[in-house]
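Start counting the sequence shown at 37; every next residue gets the next number (my numbering). Notes follow the structure.
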Amino acid sequence: MSVESQANISKFSAPRLHRTYPRMRLFKQLDAAQTIPLIWISAPAGSGKTSLIASWLKARGHNAHWYQVDESDTNITTFFYHLGLLGRRAAPHLKQPMPLLIPEYLAGLQAFSHHFFRELFRRIKVPGVLVLDNYQDAGLFLHEILQAGCSEIPEGISVVIISRNKPPPAFARFRANGALALLDWGQLRLTQEETCAIANDSAGSPLDDIDVQALYAQTDGWATGLVLLSERAGRLGKLGPDPTGSQALFDYFTAELFDRLDPDTRHVLTRSALLPSVNSAMACALSGRTQAESILETLCHHNTFTVCGSGPVYEFHPLFRAFLEQCLREELPAAEFAALQRQAAELLETAGDIDAAITWRIRAGDSEGAASLIMAHAQSYLVQGRASTVVGWITALPRVVVAQNPWLGYWCGLGELASSPGAARVQLEDAYGRLKARGDRPGQVLAWCAVVDSYVYEWRCLAPLDRWIDEAGVIDTAILDALPTAIGDYFACGLFKALMLRQPAHPLIGRWAQRVRDIVLSGDDFQLRFRIGPLYLQYAGLNDLQGAAIALEALRSVARQIDGCSVIRVSLQAMAAGLAQGSGHHEAVMDHVREGLMQDEHSAVRIWNHSLLGHAAMSALLHGDRNLAEDYLLRMKDSLVADRYMDLSTYYFVAAWHGLHYADEETALRYAKLNGEFLIKSGIRLYAPFAELMLAQAEFANTAVDEAKHKVEDVLGLAGRGNNRLAQYLGWLLKAHMARQLGETANGLAALRRALGIARAGGMVAHYLPQRAIRALYILALANDIETDYVCGAIRTLRLSPPEPQHAPNNWPFPVRIYTLGRFSLLIDDTALDETQKKKQAKPLILLKTLIAMGARDVHEEQLQEALWHDAEGDAAHRALITNLQRLRKLLGETAAIDYSDGHLSLSSRHCWVDTWAFERGIADEPMQAEAIAQYRGGFLPGEEASWALVPRERLWRKFNRAVVARGERLEASGAWTEVITHYQRALDADPGCEACYQGLMRVYAIQGQHQQALKAYDDCRQLMHALYDIAPSSQTESLHQKIRETVAESLPVIY
């Protein structure tokens, strides 16, 4: 049998039944109550409550799980730990562990209780019954916990609570809603018929009616009193005196029973009563009597205040046990009594019941023995989440004992770390000093780490960490190398944590970051990996989002293996939301935030709530969703706590960004200053560059240009020294923004090139500029071919709407790009439709072509119906238009890509780019003509011969020719001969029949003296005109050709 089962078997054992009268009257009531989630059995001690439920469960063959509540359950973590063991026993095939009440969960006990009991009930096979016996022994705290837990009882499961007390007010809602069935003393009191049956059985022979009536009157339906009086009546042949009241009756018969027992039995009973439950081996050891088991079994068989569970394990009636312990105290000298208590503690320790063993040693005055046990088991109890148990042990020790052993102070401080970090730190600092003075290097290092953790748990002011960073200097490499790897890893995480938060530019942070990275990726201590993981991911995200994502995936993999608790699952969602926000993926951010907040509702600790809300608000601002951003900002504000300075700083950072985004510059400046003030109070320097950049941006928006410029330069210097590439990217980006606003073009382009190069390398997309500002910078980048691929990807990720058509560069990544000049091609998110898709979508594509041919703006539906379905009768043309419009919208991926209102259709210029639009816009703007001419790759929709295509084809061709001629003449006039030749040749590539281009080439070549090239240009023109149109060149071309020939003839030498 395992140590664990030895220690806890009695808690999970239903009592064995001996000569138990089946109370069918109450069985029927219990049967009827089984449809109700909660059954409460309330009656005085000795009323037969436990026997009733045990006999009913046995008679009905129910799947039951029994939990004996005892004084150890007054410790909340112990209660959940033991109940978790019951859950593991109920479903041993499940690998997922039951949730542990770790100290971090104490702040949200109600939420944890809901989560815990959901998991517990999931493990109980339906139909099933959970029995909580002796509930009156539980602490008051348990009422609220159990009230939350019982609200999770699923259909098919009943919870039976056995208590001497009636349901407390916490359960009033259950009674009001009909979810609690109460069987109280009025129902459990024995009837006359039940009294007769039990009395005759207990007496061993039938009693006459007068005696039964007398017994009924004397006991008033009290089961224990009836058994005692009946047994005595059977033994003496008559009834005895009539003690008044159940307590008096119990005291009388307890004394009488004990006095008539033989000395060996009394000896076994008084010694065995030192333990809350006892098996035969323990009873023999404590009493020194080999016949102890048979004595206990006989008492149990006769129901003499003794019940027996499986094992067998024996328990005494609480009142009887108290009587026996008092007898033993009166029998033995104090020293002998204490020695027996110590022996009992040793037996408990051997059985694996460490909690009880320590408690018994403390009661026995064996402080040294208790301290040794605490030292041996404190760590395992803390890992189990039973921190309050450890703290309770140590605070129960005499102060002088604790003062002599700094390890006790360390363990007590560690136990209070999550629930009361400030108080814990006092003990941990004291333990550190004494362990250091003793030369206890492992203890010194562990206490140092715990002190650092106390500041992080408190999350108020981390400035004092500077002292502990300096103190870490006395822990040299030689000391660390001599320590176990686990302690070294703990120290590495602690020092990295302190450096990252307080001294992020420290020259050694890179070394410790690398070791922490290895721990996060492949460390053996899962808890340590998840404690340091969130901070490491923040640090890694400053330079390399891809590397941070790899670390996150490693943590996810571990969480899947160990099926992490709710706080781990929430932390993973928060980390994932942060990385998604950094890379600009809004949908992913919101998915992680929603999942994290939902899990957080069921978690006992809400430490990630503010972080999740912040990621959502920032992502909403990044994507221009004002309503969503303001909703999450309000929720952030509602979750603020006065002394959580970092949370306050984050809130004001996002609020300042919101002000800048929506042109409330004065408010933005005020909030940016508050962000910095609270950040200073928090003592966290890691985020100082971002606070300074937000303040600089707000100052610039409020015309404090010089102050803003100085701050940006300071941040760039600090970020460079601290290898903070995220701050470098944002600093250079803000510098580019300010330069653009100030008209400093060269400086702006240089800063923009630096910013976007860093962003591309690190996978960074997020920024803190208003959308209008980042759009302008991206336009500038595209126009100057700065990180074009990165910028296009960022625009798509951020879903930035394009600027007005006249300001949109042609390489802006529109969701839909349509090419009609020289070919028809449709690209959706840069992916072209293949031939199969074109055939499948032939009708919608014809509609698209026709719409573009008719101008693509405010085209009346009747024009389209006439062009495409002129033969249709009735409203068939209209129906065909609507059907193909729906298909086309679906194909383009956006309903808004085509507007249909008041009978008119338009392509959206915010979703679609069309080469004809770019061409016509460009040729109307002389500086843009070259780019516009390049857009013309050939005739409009070649291959389409319908009238709706011919007219725009001719119109666009004429515009192209006029633009080619006009630009060519300007280039000829400027003498840019090489450029003009290239211009005409490219134009001919698009339109081989452009006679004006041949004329231009002939002129330019002739001017340059390249007469043969000029004549070749004429020959090419003549051949193409004949091949394409079956005509000769125009008279202008022929005249130019003749002049060139004459010039060539005049230049030839005379041949004799």
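The beta carbon of each residue, even a glycine, is placed where N, CA and C say it ideally should be.
Under the DSSP assignment, residue 396 falls in the alpha helix (DSSP H) whose first and last residues are 390–399.
Annotation: the continuous alpha helix (DSSP H) that includes residue 746 extends over 741–757. Per DSSP, residue 544 is not a residue of any alpha helix (DSSP H), being assigned neither H nor E. In this structure, DSSP gives residue 567 a helical state, which the three-state scheme calls helix. In chain order, 487 place their CB closer than 7 Å to the CB of residue 465, counting only its own chain and leaving out the 5 sequence neighbours on each side. For the pair residue 481 and residue 430, the CB atoms are not nearer than the 8 Å cut-off. The residues 900, 904, 917, 920, 921, 924, in chain order, have a CB closer than 8 Å to that of residue 883 in the same chain once the five nearest residues on each side in sequence are set aside. By the neighbour-count definition (other C-beta atoms within 10 Å, threshold 16), residue 60 is an exposed residue. Here residue 230 is buried: its Cβ has 16 or more other Cβ atoms, across all protein chains shown, within 10 Å. Per DSSP, reduced to three states, the secondary structure at residue 193 is strand. Checking the DSSP bridge columns, you'll see residue 490 has no partner listed. Your pair residue 792 and residue 658 does not check out as a contact, with CB atoms roughly 17 Å apart and the cut at 8 Å.
Contact check between the segment 83–94 and the segment 147–164: fewer than three CB pairs, one atom from each, fall below 8 Å, which does not count as touching.
Within the same chain, 47, 48, 118, 119, 122, 166, 167, 168, 169 come within 8 Å of residue 103 by CB-CB distance, once the 5 residues on both sides are set aside. Taking the Cα positions, residue 942 is about 8 Å away from residue 887. Take the alpha-carbon of residue 710 and the one of residue 125: they are about 54 Å apart. Residue state for residue 326 is assigned as coil, using DSSP reduced to three classes.
Close CB contacts of residue 413 within its chain, under the 7 Å cut and outside five residues either way in sequence, are with 390 (chain order). Taking a C-beta distance under 8 Å as the contact criterion, residue 50 and residue 109 do not qualify as a contact pair. A straight line joining the alpha-carbon of residue 178 with that of residue 147 spans about 14 Å. Burial of residue 155 is indicated by the presence of at least 16 other C-beta atoms within 10 angstroms of its C-beta. At a Cβ-Cβ threshold of 8 Å, residue 816 and residue 778 do not count as neighbours. Shown here for residue 127: same chain residues with a beta carbon closer than 7 Å to its own, the five before and five after excluded, namely 159 in chain order. Residue 1024 counts as buried, since at least 16 other C-beta atoms from the protein chains shown sit within 10 angstroms of its C-beta. Residue 720 carries a coil assignment under DSSP once its states are collapsed to helix, strand and coil. Boundaries around residue 861 are those of the beta strand (DSSP E), 861–864, since no alpha helix (DSSP H) includes it. Between residue 595 and residue 608, the C-beta gap is smaller than 8 Å, which places the two residues in contact. Distance check between residue 718 and each of 187, 731, 961, 680 places 680 closest, using alpha-carbon atoms only. Put simply, of 654, 858, 477, 980 the residue whose alpha carbon is nearest the alpha carbon of residue 513 is 477.
Looking at 538, 537, 577, the one whose alpha-carbon comes closest to that of residue 553 is 577. At the C-beta level, residue 442 and residue 467 come within 8 Å of one another. Cβ contact annotation for residue 820 (same chain, cutoff 7 Å, sequence separation greater than five): 785, in chain order. When the five nearest sequence neighbours on each side are left out, the beta carbons in the same chain lying within less than 7 Å of the beta carbon of residue 628 are those of 609, 612, 613, 616, in order along the chain. Under a 10 Å Cβ-count criterion, residue 114 is classified as buried, with 16 or more other Cβ atoms of the shown protein chains found around its own Cβ. Bounds of any alpha helix (DSSP H) do not take in residue 164; it lies within the beta strand (DSSP E) bounded by 164–169.
In this structure, the alpha-carbon of residue 184 lies about 11 Å from that of residue 209.
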